[in-house]
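Sequence order for the protein chains is G and E. The first sequence begins at 0 in numbering that gives the first Met the number 0 and counts up by one. The second sequence begins at 0 in numbering that gives the first Met the number 0 and counts up by one. We put the beta carbon where it would ideally sit given N, CA and C, even for glycine. In this text the structure is predicted, and so the values were computed from the model without any measurement.
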Amino acid sequence: MTLLVVLEHDRGDLADASLEALTAGRGLAAANGWPMHAVIVGANGENLASDAAKYGAEVSHVVGHDMLVDFGPEAWGESVAQLARSIDAGAVMASGTERGNEVLAQIAARLDEPFVANCVTVTPGDPWEITRVQWGGSLLEDTTLVAGMKLLTYGHHSLEPSPADSAGDGSTIAFTPELDATLARTIVQDRTVLTKGVTLATAPVVVSGGRGVGSAEGFGPLEELAELLGGRVGCSRAVTNNGWRPHSDQVGQTGTRIAPEIYIATGISGAIQHWVGAMASKNILAINTDAEANMVVKAGHAVIADLHQVVPAIIDEVKKRKGLA
Amino acid sequence: MRILVCVKRVPAPGAKILVTEDGQDVDAAHLGFTTSPHEECALEEAVQIAEREGGEVTVLTLGEAAAEEQLRYAASVGAHNAVLIPTDGEPWDPQRTARAISQAITDLEAADGAFDLILFGNESADSGGFQVGVRCAYALGRPIVNGIKGIEFADGVASARREIDGGYEVYEVPLPAVFGVKEGINLPRYPTMKGRLASKKVEVASMELQADSGGLARVRLHRPEEQVSETVILGTGADAAGAVCDLLEELGVL
Numbered sequence: 000m001t002l003l004v005v006l007e008h009d010r011g012d013l014a015d016a017s018l019e020a021l022t023a024g025r026g027l028a029a030a031n032g033w034p035m036h037a038v039i040v041g042a043n044g045e046n047l048a049s050d051a052a053k054y055g056a057e058v059s060h061v062v063g064h065d066m067l068v069d070f071g072p073e074a075w076g077e078s079v080a081q082l083a084r085s086i087d088a089g090a091v092m093a094s095g096t097e098r099g100n101e102v103l104a105q106i107a108a109r110l111d112e113p114f115v116a117n118c119v120t121v122t123p124g125d126p127w128e129i130t131r132v133q134w135g136g137s138l139l140e141d142t143t144l145v146a147g148m149k150l151l152t153y154g155h156h157s158l159e160p161s162p163a164d165s166a167g168d169g170s171t172i173a174f175t176p177e178l179d180a181t182l183a184r185t186i187v188q189d190r191t192v193l194t195k196g197v198t199l200a201t202a203p204v205v206v207s208g209g210r211g212v213g214s215a216e217g218f219g220p221l222e223e224l225a226e227l228l229g230g231r232v233g234c235s236r237a238v239t240n241n242g243w244r245p246h247s248d249q250v251g252q253t254g255t256r257i258a259p260e261i262y263i264a265t266g267i268s269g270a271i272q273h274w275v276g277a278m279a280s281k282n283i284l285a286i287n288t289d290a291e292a293n294m295v296v297k298a299g300h301a302v303i304a305d306l307h308q309v310v311p312a313i314i315d316e317v318k319k320r321k322g323l324a
Numbered sequence: 000m001r002i003l004v005c006v007k008r009v010p011a012p013g014a015k016i017l018v019t020e021d022g023q024d025v026d027a028a029h030l031g032f033t034t035s036p037h038e039e040c041a042l043e044e045a046v047q048i049a050e051r052e053g054g055e056v057t058v059l060t061l062g063e064a065a066a067e068e069q070l071r072y073a074a075s076v077g078a079h080n081a082v083l084i085p086t087d088g089e090p091w092d093p094q095r096t097a098r099a100i101s102q103a104i105t106d107l108e109a110a111d112g113a114f115d116l117i118l119f120g121n122e123s124a125d126s127g128g129f130q131v132g133v134r135c136a137y138a139l140g141r142p143i144v145n146g147i148k149g150i151e152f153a154d155g156v157a158s159a160r161r162e163i164d165g166g167y168e169v170y171e172v173p174l175p176a177v178f179g180v181k182e183g184i185n186l187p188r189y190p191t192m193k194g195r196l197a198s199k200k201v202e203v204a205s206m207e208l209q210a211d212s213g214g215l216a217r218v219r220l221h222r223p224e225e226q227v228s229e230t231v232i233l234g235t236g237a238d239a240a241g242a243v244c245d246l247l248e249e250l251g252v253l
């Protein structure tokens with residue numbers, strides 16, 4: 000038996016989440032006494048075999064086909080399902096990103112096997128015992144898994160990636176799936192990048208505002224502070240529901256999951272929906288008039304005051320220290 | 000255009016979520032219920048498409064009898080038909096849920112014709128299994144793309160937008176198609192008084208369906224261990240700016 004880890008990339012640009020998947024997969028493969036193999040689908044994938052080896056993959060299966068240049072959930076799912084069947088894989092896993100969960104669901108539908116999304120711990124045995132995330136991380140669910148082939152994703156940000164003690168040699172095996180031409184119907188046709196540089200998901204600093212900001216204009220100072228710190232502006236669901244900011248700025252269960260060095264949450268009460276999107280932050284500074292607000296109670300640091308007074312004062316102080324004022 | 004939207008009834012928690020003593024479910028004794036957020040947006044999108052392109056919206060849910068509340072809500076914001084697949088109140092695993100919904104769709108289409116478009120939420124707010132829509136689409140032999148935050152139509156093709164980090168990608172999917180929709184595709188409307196009244200008269204069709212369970216069985220739900228840490232208060236006014244900047248320097252972001 001073999002554990003297959005599906006790597007996520009765009010034309011050779013590896014997603015960081017895949018390093019988490021390889022790190023988690025290494026432990027799971029060892030617990031089963033199985034080797035870990037990587038699966039790389041799509042154009043320029045062979046360049047990633049050395050990364051996979053560094054994180055403990057014995058071999059990388061490079062899945063190539065004319066249709067497999069850009070991402071397509073059906074074509075990717077079908078390809079990995081065929082590979083998994085052909086090598087009689089014991090388990091297939093990926094990171095619980097948008098694409099990771101989608102591809103595993105596609106595989107599960109094709110093989111008619113269960114799929115466990117966003118696992119935190121996985122203990123092989125009879126049956127396998129799994130703890131997975133519910134409510135975006137507010138609750139955990141212990142579950143048992145009985146399946147011919149085990150299909151799962153690990154919750155993104157649920158562990159720190161680390162290279163293997165002994166790296167593989169980076170060897171590859173080519174695999175060519177048989178793909179029906181109709182699967183081209185769900186392949187990416189076009190891609191537009193609007194934001195160059197740091198994005199909300201990757202920014203080292205996120206300065207966020209909630210209902211307490213009071214208006215769309217109220218985000219001006221938050222924009223200025225974020226820019227001074229090389230960060231991005233985020234917001235709560237109440238803010239997007241009021242139309243003050245676009246949904247793409249929303250941090251939360253139904254928005255973006257972030258993990259910055261510091262999250263500065265201003266005027267945000269910290270409802271569950273928001274908290275689970277921010278809880279992977281390494282540090283949290285809450286600025287709120289309410290000392291009992293959930294966000295303040297859960298934050299490592301807080302300022303108990305009106306954000307409209309504190310944020311401009313922080314901007315002035317930052318400028319002073321940067322020699323800009 | 001014939002459109003089907005599949006929604007899920009979920010509790011609406013505030014700042015804290017509790018589990019029943021036996022660990023089998025969320026303690027909803029003091030909670031209201033709502034439509035899972037992605038699905039609320041899928042419903043709004045379906046209604047907008049029907050208003051724009053012409054057509055009819057059917058809303059379907061699988062759940063306990065009380066889920067009729069979410070079906071009536073859907074009717075109050077513009078859904079024309081409502082279908083309930085009743086359960087005994089026990090949570091169904093994703094495979095069982097998908098098998099029942101696929102069967103229901105097949106039956107509905109045999110009676111009244113194929114749906115041009117079927118919308119699911121990207122994932123449910125509670126169990127977050129990320130798979131029921133994909134399993135149904137596969138069972139029906141139809142294309143599906145998840146994470147959709149924009150849909151337009153031209154010549155029998157749906158052009159669907161999906162957000163990626165810092166931008167978006169576009170899929171051109173022939174109809175009939177299935178999409179997993181995400182919050183942010185629109186801002187759902189609130190029901191009008193007229194809509195509320197009309198929704199009371201909508202007939203909720205009940206489809207009794209059995210389906211085999213899959214390989215996942217819940218043992219218990221529990222709350223993650225919280226790291227209890229004292230919050231360090233850096234100040235109570237604008238004079239906290241110095242301490243905040245000290246912290247930012249310490250973390251290497253200033």
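Minimum C-alpha distance to residue i - residue among the options
| i | options | result |
| --- | --- | --- |
| glutamine 81 (chain G) | G:Ala29, G:Pro113, G:Met148 and G:Glu128 | G:Met148 |
| glycine 165 (chain E) | G:Thr201, G:His156 and G:Pro160 | G:Thr201 |
| leucine 158 (chain G) | G:Glu316, G:Gln105 and G:Asp15 | G:Asp15 |
| serine 161 (chain G) | G:Leu306, G:Ser17 and G:Val132 | G:Ser17 |
| serine 212 (chain E) | E:Glu63, E:Arg1, E:Glu89 and E:Val243 | E:Glu89 |
| alanine 237 (chain G) | G:Ile267, G:Glu260 and G:Ala180 | G:Ile267 |
| arginine 161 (chain E) | E:Phe129, E:Ile147 and E:Leu233 | E:Ile147 |
| leucine 144 (chain G) | G:Ile314, G:Ala163, G:Glu112 and G:His155 | G:Glu112 |
| alanine 74 (chain E) | E:Glu108, E:Val227, E:Leu42 and E:Ala159 | E:Leu42 |
| glycine 213 (chain G) | G:Val197, G:Leu227, G:Gln105 and G:Gly242 | G:Gly242 |
| glycine 63 (chain G) | G:Ser78, G:Glu291 and G:Gly71 | G:Ser78 |
| methionine 0 (chain E) | E:Ala14, E:Glu151 and E:Asp87 | E:Glu151 |
| threonine 194 (chain G) | E:Ile163, E:Glu63, E:Val172 and E:Leu246 | E:Ile163 |
C-beta neighbour in chain E for residue i, strict 8 Å
| i | result |
| --- | --- |
| glutamate 222 (chain G) | no |
| tryptophan 134 (chain G) | yes |
| threonine 201 (chain G) | yes |
| glycine 124 (chain G) | no |
| leucine 139 (chain G) | yes |
| aspartate 50 (chain G) | no |
| glutamate 57 (chain G) | no |
| serine 157 (chain G) | no |
| alanine 166 (chain G) | no |
| serine 78 (chain G) | no |
| aspartate 15 (chain G) | no |
Chain-order list of residues whose beta-carbon lies under 8 Å from that of residue i (same chain, five-residue window excluded)
| i | result |
| --- | --- |
| alanine 138 (chain E) | Ala97, Arg98 and Ser101 |
| glycine 89 (chain G) | Met0, Thr1, Leu2, Asn31, Trp33, Met148 and Lys149 |
| proline 12 (chain E) | Val25 and Leu30 |
| serine 137 (chain G) | Ile271, Trp274 and Val275 |
C-beta neighbour in chain G for residue i, strict 8 Å
| i | result |
| --- | --- |
| arginine 195 (chain E) | no |
| tyrosine 72 (chain E) | no |
| glutamine 130 (chain E) | yes |
| threonine 235 (chain E) | yes |
| serine 101 (chain E) | no |
| isoleucine 232 (chain E) | yes |
| proline 173 (chain E) | yes |
| asparagine 80 (chain E) | no |
| alanine 240 (chain E) | yes |
Continuous alpha helix (DSSP H) stretch holding residue i: start and end
| i | result |
| --- | --- |
| asparagine 287 (chain G) | Asparagine 287 (chain G) -> not in any alpha helix (DSSP H); beta strand (DSSP E) instead, spanning 283–287. |
| lysine 53 (chain G) | 48–53 |
| proline 72 (chain G) | 72–85 |
| threonine 22 (chain G) | 15–31 |
Continuous beta strand (DSSP E) stretch holding residue i: start and end
| i | result |
| --- | --- |
| glutamate 260 (chain G) | Here glutamate 260 (chain G) belongs to no beta strand (DSSP E), and DSSP marks it neither H nor E. |
| aspartate 189 (chain G) | 189–192 |
| glycine 166 (chain E) | 166–173 |
| isoleucine 84 (chain E) | 80–85 |
| glutamine 133 (chain G) | 127–133 |
Close-in-space but distant-in-sequence residues of the same chain around residue i (CB under 7 Å, 5 per side omitted)
| i | result |
| --- | --- |
| alanine 176 (chain E) | Leu116, Arg141, Pro142 and Ala157 |
| threonine 33 (chain E) | Val9 and Ala11 |
| valine 56 (chain E) | Ile2, Val4, Ala45, Val46, Ala49, Gly77, Ala78 and His79 |
| asparagine 185 (chain E) | Cys40, Glu43, Glu44 and Gln47 |
Contacting residues, own chain, Cβ-Cβ under 6 Å from residue i (five flanking each side not counted)
| i | result |
| --- | --- |
| threonine 288 (chain G) | Asp305 |
| glycine 77 (chain E) | Val46 |
Any C-beta of chain C under 8 Å from that of residue i
| i | result |
| --- | --- |
| proline 190 (chain E) | The chain labelled as chain C is not found among the protein chains of the depicted structure, namely G and E. |
Are three or more beta carbon pairs between the region 277–293 of chain G and the region 204–217 of chain E nearer than 8 Å?
no
Legend entry - Cβ contact (3+ pairs, closer than 8 Å) linking the region 47–59 of chain G and the region 163–173 of chain G: yes
So, does the region 187–202 of chain G touch the region 130–139 of chain G, judging by three or more C-beta pairs under 8 Å? no
For the 8 Å Cβ check, are there 3 or more pairs between the region 4–22 of chain E and the region 218–229 of chain E?
yes
Is it a yes or a no for the region 195–210 of chain G touching the region 245–263 of chain G, going by three-plus beta-carbon pairs under 8 Å? yes
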